Each structure stands twice: as C-alpha cells, then as structure tokens.
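**Student:** 752 is the number of the first residue of the sequence shown in the working numbering; add one for each residue after it.
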Amino acid sequence: MNGPKYLLDTNIILYILGGNETLANHLHQKGLYASFVSEIELLSFGRLTAREEKSIKEFLLQFRIIDIDQSIKQEAISLRKAYSLKLPDCIIAATAITLQLTLITADKQYRQIENLPLELVEF
C-alpha cells in the first residue's frame with residue numbers, strides 16, 4: 752500500500768474499538784500496523800468475553816502485526832536506557848523508529864523521543 756504507514760498505539764486501537772468514528776475515518780485506507788505488544792495488551796484484558804475476544808481478533812486482521820526482531824530489540828534497549836519509559840512503550844517506539852512508521856498515540860510521554868515519527872492525538 753502506498754502512502755503513509757502508521758503504527759497504532761494500544762490506546763488508539765481502544766478508541767477505535769470504542770466507537771471513535773473521527774479517528775477511524777482519519778485512518779481509513781492507510782497502511783496500518785500494530786506491535787505484538789498491543790495485540791497482547793488488547794487480548795489479555797481480564798474480563799473479556801469470548802465474543803469480545805473474537806471481535807478484537809477480527810479487528811486486528813486489518814493490521815500488519817509486527818513481532819520483535821533483533822533490530823527492534825536493540826532500539827528498545829537504547830530507548831530504555833535513554834528515557835524513563837516502560838518496556839512495552841520502548842518496544843512500540845522502537846518498532847516505529849526501526850520500520851520508519853509514524854506512531855499514532857494519545858500518550859504524550861512519547862514526545863520526549865527525538866527521532867520518533869509521531870502523530871499525537873488529543874481528545
């Protein structure tokens with residue numbers, strides 16, 4: 752797919768799943784990626800019904816899910832050493848940096864990372 756490619760943070764996926772049509776329309780027909788971290792976070796909520804889990808899995812089919820590799824791992828280590836971020840956030844940021852994807856998030860803490868392509872969504 753040509754055009755912009757976006758890595759969606761878990762919070763953005765949750766907003767879309769929650770019915771945020773403005774955000775969904777903004778991302779329609781874009782190259783969408785998600786980290787395996789987001790997939791785990793979404794599917795590990797404690798009180799998911801079987802129907803909700805199925806719905807999340809079906810929704811995630813429209814994304815290319817990125818697993819960790821050596822280059823993402825090394826970037827995550829560097830970010831963890833340089834910034835006071837949680838490891839899952841470092842992995843997500845490292846994925847965006849390594850694959851040159853724009854991270855879309857509502858989490859302002861990512862602004863501190865200098866070379867991170869970022870689109871901050873505010874509600």
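Don't be surprised by glycine CBs; every beta carbon is placed ideally from N, CA and C. This structure is a prediction, so every number in the text was calculated from the model and none was measured.
#1: Decide if Leu838 is buried, meaning its Cβ has at least 16 other Cβ atoms within 10 Å, or exposed.
#2: Taking the alpha carbon of Gln780 as the reference point, which residue from Tyr757, Gly770, Arg802, Asn762 has its own alpha carbon closest?
#3: Does the stretch 784-792 come into contact with the stretch 802-815, if we say contact requires no fewer than three beta-carbon pairs (one atom in each stretch) closer than 8 Å?
#4: Mind checking whether Ala845 and Glu826 have CB atoms under 7 Å apart?
#5: Leu871: buried (16+ other C-beta within 10 angstroms of its C-beta) or exposed?
#6: What are the partner residues of Ser786, as DSSP defines its beta bridges?
#7: Pull up the DSSP beta-bridge partners for Tyr757, would you.
**Tutor:** According to the data block:
#1: Exposed is the call here.
#2: Tyr757
#3: yes
#4: The answer is yes: Cβ separation under 7 Å.
#5: exposed
#6: Within the DSSP secondary-structure output, Ser786 pairs in a beta bridge with Ile817.
#7: Leu783, Thr853
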